[in-house]
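Peer 1: Structure incoming, see below.
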Amino acid sequence: MGTDSRLRGWAAAFALAFVALPAQAADAPTPVEVKADYVAKLAPFVVWPAAVFAAPAAPLVLCVQADDAFAALLDKLTTGQSVGAHPVVVRKTPRLGADSGCQIAYVAGSPAQTPAAALKAVDGQPVLTVTDTDSDTGAKGIVNLVAVDGRVRFVIDAARATQSGLTISSKLLALAADVKR
Amino acid sequence: MLVAASISLAAREEAIHSQQALQQAEAQTDVLAGSVSAALAFNDKPAMHQYLAALMRNPQVAAAGIYGPQGRQLAVQTHLGADPPPEVLIPGDTMRTLGRVVVARPVIEQGQALGTAYLQTTPDTLAGFAARHTALVILTGLALLLLSFVTRAASRLARANARLSEEMKARAAAEEAFRQSQKLEALGQLTGGIAHDFNNLLQAIYGAFELVLGKAEDPKTVRRWARNGLEAAERGASLTRQLLAFSRQQKLETKPVVVAEALQRMGDLLARTLGPNVQLVFDLDTDRLTAMSDPTQIELAVMNLAVNARDAMPGGGQLTVRTRRVRIEGDAVLPPGWYLELQVADTGEGMAPHVMDRAFDPFFTTKALGKGTGLGLAQVYGVARQAGGDARIGDNPGGGAAVTLLLREAPAPAEAAAVSGPAAAPTTAAAPATVLLVDDDDAVRGVVRGGLEMRGFTVLDASSGEAALTMTADVAPQIAVIDYAMPGMDGAETAERLRQRLPRLPIILASGHADTAAVERALGGSATVLRKPFDINALSDAVTRLLAAA
Numbered sequence: 023m024g025t026d027s028r029l030r031g032w033a034a035a036f037a038l039a040f041v042a043l044p045a046q047a048a049d050a051p052t053p054v055e056v057k058a059d060y061v062a063k064l065a066p067f068v069v070w071p072a073a074v075f076a077a078p079a080a081p082l083v084l085c086v087q088a089d090d091a092f093a094a095l096l097d098k099l100t101t102g103q104s105v106g107a108h109p110v111v112v113r114k115t116p117r118l119g120a121d122s123g124c125q126i127a128y129v130a131g132s133p134a135q136t137p138a139a140a141l142k143a144v145d146g147q148p149v150l151t152v153t154d155t156d157s158d159t160g161a162k163g164i165v166n167l168v169a170v171d172g173r174v175r176f177v178i179d180a181a182r183a184t185q186s187g188l189t190i191s192s193k194l195l196a197l198a199a200d201v202k203r
Numbered sequence: 012m013l014v015a016a017s018i019s020l021a022a023r024e025e026a027i028h029s030q031q032a033l034q035q036a037e038a039q040t041d042v043l044a045g046s047v048s049a050a051l052a053f054n055d056k057p058a059m060h061q062y063l064a065a066l067m068r069n070p071q072v073a074a075a076g077i078y079g080p081q082g083r084q085l086a087v088q089t090h091l092g093a094d095p096p097p098e099v100l101i102p103g104d105t106m107r108t109l110g111r112v113v114v115a116r117p118v119i120e121q122g123q124a125l126g127t128a129y130l131q132t133t134p135d136t137l138a139g140f141a142a143r144h145t146a147l148v149i150l151t152g153l154a155l156l157l158l159s160f161v162t163r164a165a166s167r168l169a170r171a172n173a174r175l176s177e178e179m180k181a182r183a184a185a186e187e188a189f190r191q192s193q194k195l196e197a198l199g200q201l202t203g204g205i206a207h208d209f210n211n212l213l214q215a216i217y218g219a220f221e222l223v224l225g226k227a228e229d230p231k232t233v234r235r236w237a238r239n240g241l242e243a244a245e246r247g248a249s250l251t252r253q254l255l256a257f258s259r260q261q262k263l264e265t266k267p268v269v270v271a272e273a274l275q276r277m278g279d280l281l282a283r284t285l286g287p288n289v290q291l292v293f294d295l296d297t298d299r300l301t302a303m304s305d306p307t308q309i310e311l312a313v314m315n316l317a318v319n320a321r322d323a324m325p326g327g328g329q330l331t332v333r334t335r336r337v338r339i340e341g342d343a344v345l346p347p348g349w350y351l352e353l354q355v356a357d358t359g360e361g362m363a364p365h366v367m368d369r370a371f372d373p374f375f376t377t378k379a380l381g382k383g384t385g386l387g388l389a390q391v392y393g394v395a396r397q398a399g400g401d402a403r404i405g406d407n408p409g410g411g412a413a414v415t416l417l418l419r420e421a422p423a424p425a426e427a428a429a430v431s432g433p434a435a436a437p438t439t440a441a442a443p444a445t446v447l448l449v450d451d452d453d454a455v456r457g458v459v460r461g462g463l464e465m466r467g468f469t470v471l472d473a474s475s476g477e478a479a480l481t482m483t484a485d486v487a488p489q490i491a492v493i494d495y496a497m498p499g500m501d502g503a504e505t506a507e508r509l510r511q512r513l514p515r516l517p518i519i520l521a522s523g524h525a526d527t528a529a530v531e532r533a534l535g536g537s538a539t540v541l542r543k544p545f546d547i548n549a550l551s552d553a554v555t556r557l558l559a560a561a
């Protein structure tokens with residue numbers, strides 16, 4: 023391996039970087055897409071009580087209380103996905119309740135239910151609630167997506183997760199912008 | 012073989028090492044894959060870089076990266092000199108390129124494939140390789156060095172051994188020669204005294220014959236002086252016998268020796284060695300105490316001690332030779348048991364302590380230059396050690412020095428055959444027979460002829476072997492008495508030639524030679540050997556016996 027070949031390697035890397043940048047910019051996901059992606063990817067880092075699933079291969083239900091576009095996006099992202107032996111199923115839930123059968127609930131509010139009411143409805147249940155609110159006063163789920171320095175991050179309410187009987191992976195906790203204990 | 016073994020060992024070690032390196036790289040990649048999953052899932056590049064940076068602290072890692080689900084590069088860190096990680100990674104098996112390991116492991120969380128972790132190890136440097144094998148190389152080198160050293164040492168040892176056995180042979184020969192020279196030296200010391208003694212004896216014999224001549228007509232006087240002369244001659248004969256026995260060259264032969272008897276046999280020689288001023292006292296055991304030794308060596312030891320004692324008593328004194336049985340217990344040198352103590356004590360000036368300490372050292376002497384070799388007491392010590400004992404020097408309670416030999420007692424030999432002395436009475440008138448007498452010495456021939464004729468034999472005498480052969484052409488004698496040592500044809504040859512003519516002729520060979528056995532061997536056992544000097548009775552007895560047997 024000579025020096026010229028290494029130089030060529032570097033040159034190729036630079037060229038690729040310049041070519042790739044505009045391409046990546048064009049492909050850059052929108053904040054909504056990023057959020058949907060996040061919600062879709064939370065499941066592997068959470069452990070539910072075994073009793074939550076009726077059968078070993080029972081589906082993991084992701085309830086969505088948001089506009090149809092978001093629901094559709096999530097549906098698309100989770101297609102064919104499973105967590106452990108549980109296939110992921112997206113269910114639109116305009117009105118969330120203790121008997122909704124959700125393992126994850128994205129709560130953005132609906133004409134039928136405010137986010138606060140929705141959260142209250144599953145409070146203490148083994149449901150990972152996810153909200154997306156930047157306001158200090160707004161109702162927040164166990165996982166709350168926030169924007170930090172132009173990047174989507176999340177805050178985790180570990181205390182509430184424990185109350186709900188959920189175990190959140192330390193890997194996820196490590197990535198959180200903040201953890202409430 | 013050693014080299015082959017070490018190479019195979021190195022190869023094995025190398026295989027183990029590369030296997031270990033592979034496992035290590037895989038494990039590290041697995042750790043990265045396991046820990047980076049969340050960061051990958053949420054596309055948290057700062058977190059990815061943190062994980063990568065932590066991994067890159069390991070100097071074995073040249074490059075590491077995180078790739079998305081479609082193999083797209085998300086985060087990469089490299090050290091200088093590493094191959095740049097691929098832009099797009101197709102997750103595959105572990106690869107191994109020249110000296111470096113590249114591992115790509117899928118990042119999976121709860122069955123969800125999130126991406127790929129990539130790791131590239133630093134190439135195995137020559138220095139690293141060398142470091143790993145230096146010890147083995149050094150050890151192998153050392154072993155080879157040691158082996159060559161041992162081989163060389165072994166061959167050197169073999170050579171040294173050969174040289175040593177050569178030297179031992181030469182030394183044994185030298186020791187043999189040395190023992191003989193010791194005896195000759197002792198004889199040399201004696202010569203003066205012995206010559207003087209012989210002169211005295213000859214004086215007695217000479218005087219006796221003069222008186223016999225002068226008083227030839229008086230039978231009583233003649234008989235008395237003849238007896239005196241005979242006694243003196245007998246003393247001389249005994250003396251030469253001892254000298255010959257002493258100087259006899261023979262191999263050192265260890266056998267049971269009845270020490271008291273050996274000492275008694277050398278009594279005359281001892282007395283003459285000591286001279287008239289020193290009184291010799293024998294205080295010998297009567298139990299036939301026996302030691303394993305060489306009789307000549309025992310005699311030489313006592314002779315050496317006697318010479319020393321004589322020199323220590325220039326004004327005269329007493330030498331006591333004592334033997335007795337002693338029991339030794341708790342001795343520093345000797346094992347407990349019964350020993351024969353042979354002590355030679357003088358009444359001389361004694362020995363200073365510093366002399367006593369070194370007395371047994373070879374070449375240590377207090378005598379003037381040229382007077383002694385310093386080997387006398389060393390020989391005494393050697394004899395004692397050889398007989399399983401020890402030699403010690405102490406003070407003689409009566410003043411003077413005492414040397415004690417402690418010889419381990421041995422079982423007594425079978426009773427020695429009685430030594431036949433001169434016949435008590437002359438044998439009278441044998442059957443008339445013709446004796447052929449061959450001797451080159453006219454005097455001896457004359458005396459022997461007279462003796463034989465006195466016993467009634469007819470004597471034909473010849474002064475040489477040739478003359479004897481001529482003589483027997485006409486007359487056939489019944490027996491021949493031949494001197495062994497003659498110029499020209501010697502006794503053995505004369506006997507052989509006579510036998511060719513007269514095969515059944517009995518032959519007596521008279522020999523002054525010390526080793527009668529050698530003479531007998533030379534004759535093939537076909538003749539009787541008579542040791543000179545002999546008295547006429549012994550000769551006529553032998554003649555009569557042989558004629559009777561014929």
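Chains as they are written, first to last, in my numbering: chain A, 23 to 203; chain B, 12 to 561. Glycine included, each C-beta is placed from N, C-alpha and C at the ideal position.
Which residue marks the beginning of the beta strand (DSSP E) containing H108 of chain A, and which one marks its end?
Peer 2: Run containing H108 of chain A: 108-114, per the beta strand (DSSP E) assignment.
Peer 1: Pick from A:S122, A:P51, A:I164: whose alpha carbon is nearest that of T189 of chain A?
Peer 2: The candidate whose alpha carbon is nearest that of T189 of chain A is A:I164.
Peer 1: For Y217 of chain B, name the three-state secondary structure that DSSP assigns.
Peer 2: Helix.
Peer 1: Under 9 Å between C-beta atoms, does A107 of chain A make it to chain B?
Peer 2: Interface residue, yes.
Peer 1: What is the rounded straight-line gap between the Cα of A291 of chain B and the Cα of G461 of chain B?
Peer 2: Ala is not the amino acid found at residue 291 of chain B; the sequence shown has Leu there. One C-alpha to the other measures close to 39 Å.
Peer 1: Report the CB separation of T153 of chain A from N166 of chain A in whole angstroms; it is logged as a contact under 8 Å.
Peer 2: Confirmed, Cβ separation roughly 5 Å.
Peer 1: So for W70 of chain A, helix, strand or coil by DSSP?
Peer 2: Coil, per DSSP.
Peer 1: Would you say the beta carbon of V344 of chain B is closer than 8 Å to some non-hydrogen atom of the ligand SAM?
Peer 2: As far as ligands go, the structure on display features none, and thus does not contain the ligand SAM.
Peer 1: Quick one: what's got a C-beta closer than 8 Å to S249 of chain B's C-beta in the same chain, skipping five residues either side?
Peer 2: Correct list, in chain order: D279.
Peer 1: With 9 Å as the threshold, decide whether the Cβ of Q103 of chain A is near any Cβ in chain B.
Peer 2: Output row for Q103 of chain A: interface = yes.
Peer 1: Consider the Cβ of E120 of chain B: report whether some Cβ of chain A lies at a distance smaller than 9 Å.
Peer 2: With 9 Å as the cut-off, E120 of chain B counts as an interface residue toward chain A.
Peer 1: Who are the near neighbours of M12 of chain B in its chain, counting only those whose CB is closer than 7 Å to its CB and skipping five residues on each side?
Peer 2: If we look at M12 of chain B and ignore the five residues flanking it on each side, it has no Cβ neighbours.
Peer 1: By how many angstroms is the C-alpha of R556 of chain B removed from the C-alpha of A479 of chain B?
Peer 2: Rounded to the nearest angstrom, the two C-alpha atoms are 23 Å apart.
Peer 1: Compute the Euclidean distance between the alpha carbons of K142 of chain A and P71 of chain A, then round it to the nearest angstrom.
Peer 2: K142 of chain A and P71 of chain A: Cα-Cα distance of roughly 20 Å.
Peer 1: Using a Cβ distance threshold of 8 Å, determine whether the region 168-185 of chain A contacts the region 119-136 of chain B, with at least three qualifying pairs required.
Peer 2: Segments in contact, no.
Peer 1: The alpha helix (DSSP H) with V14 of chain B in it runs from where to where?
Peer 2: From DSSP, the alpha helix (DSSP H) with V14 of chain B extends over 13-52.
Peer 1: Counting Cβ pairs, one atom from each stretch, are 3 or more of them under 8 Å apart for the region 355-364 of chain B and the region 321-331 of chain B?
Peer 2: Judged by Cβ distances under 8 Å, the region 355-364 of chain B makes contact with the region 321-331 of chain B, as three or more pairs qualify.
Peer 1: Going by the CB atoms, is the gap between V72 of chain B and T127 of chain B shorter than 9 Å?
Peer 2: No.
Peer 1: Between the region 56-71 of chain B and the region 26-45 of chain B, are three or more C-beta pairs nearer than 8 Å?
Peer 2: Yes, they touch.
Peer 1: In the DSSP assignment, find the unbroken alpha helix (DSSP H) run with R68 of chain B in it and report its ends.
Peer 2: Neither: R68 of chain B is in no alpha helix (DSSP H) and is coded neither H nor E.
Peer 1: So, using beta-carbon positions, are A423 of chain B and V269 of chain B closer together than 9 Å?
Peer 2: Yes; because the gap between Cβ atoms is below 9 Å, this pair is in contact.
Peer 1: Please report whether the beta-carbon of F67 of chain A lies at a distance below 9 Å from any beta-carbon of chain B.
Peer 2: It does; some Cβ of chain B falls within 9 Å.
Peer 1: Name the chain B residues that come within less than 8 Å of L84 of chain A, Cβ to Cβ?
Peer 2: What L84 of chain A touches in chain B: nothing, since even the nearest Cβ is about 13 Å away.
Peer 1: If you draw a straight line from the alpha carbon of Q46 of chain A to that of Q84 of chain B, how long is it in whole angstroms?
Peer 2: Unreliable placement is indicated for Q46 of chain A, whose pLDDT of 42 sits below 50; no coordinate value is reported for it.
Peer 1: Across the region 502-509 of chain B and the region 467-481 of chain B, are there enough close Cβ pairs to call them in contact, namely three or more that are closer than 8 Å?
Peer 2: Flag = yes, the region 502-509 of chain B and the region 467-481 of chain B touch.
Peer 1: With the cut-off set at 9 Å, would you say V74 of chain A and Q125 of chain A are in Cβ contact?
Peer 2: The answer is yes: Cβ separation under 9 Å.
Peer 1: Taking just the CA atoms, how far does D451 of chain B sit from P498 of chain B?
Peer 2: One C-alpha to the other measures close to 8 Å.
Peer 1: Going along the chain, which unbroken runs of the alpha helix (DSSP H) with 4 or more residues stay wholly within the region 335-419 of chain B?
Peer 2: Those alpha helix (DSSP H) runs which fall completely within the region 335-419 of chain B and span 4+ residues are 364-369, 387-397.
Peer 1: In three-state terms, what does DSSP make of A134 of chain A?
Peer 2: It is coil, neither helix nor strand.
Peer 1: Quick one: is A58 of chain B near chain A, going by C-beta distance under 9 Å?
Peer 2: Output row for A58 of chain B: interface = yes.
Peer 1: Below 7 Å on C-beta distance, what does D55 of chain B contact in chain A?
Peer 2: Under the 7 Å cutoff, chain A gives L197.
Peer 1: Suppose the cutoff is 7 Å on Cβ atoms and the five residues either side in sequence are ignored; what does the same chain contact list for T100 of chain A look like?
Peer 2: Correct list, in chain order: A62, L84, V110, V112.
Peer 1: Give, in chain order, every residue of the region 34-51 of chain B whose Cβ lies closer than 7 Å to some Cβ of chain A.
Peer 2: Listed by position, the residues of the region 34-51 of chain B near chain A (Cβ gap below 7 Å) are S46, S48, A49, A50.
Peer 1: Roughly how many angstroms lie between the CA atoms of P70 of chain B and L20 of chain B, to the nearest whole one?
Peer 2: For P70 of chain B and L20 of chain B, the distance between alpha carbons rounds to 27 Å.
Peer 1: Would you kindly check if the distance between the Cβ of R333 of chain B and the Cβ of D305 of chain B is under 9 Å?
Peer 2: No, the Cβ-Cβ distance between D305 of chain B and R333 of chain B is not below 9 Å.
Peer 1: Would you mind sorting A553 of chain B into buried or exposed? The rule is 16 or more other CB atoms within 10 Å of its CB.
Peer 2: Buried is the call here.
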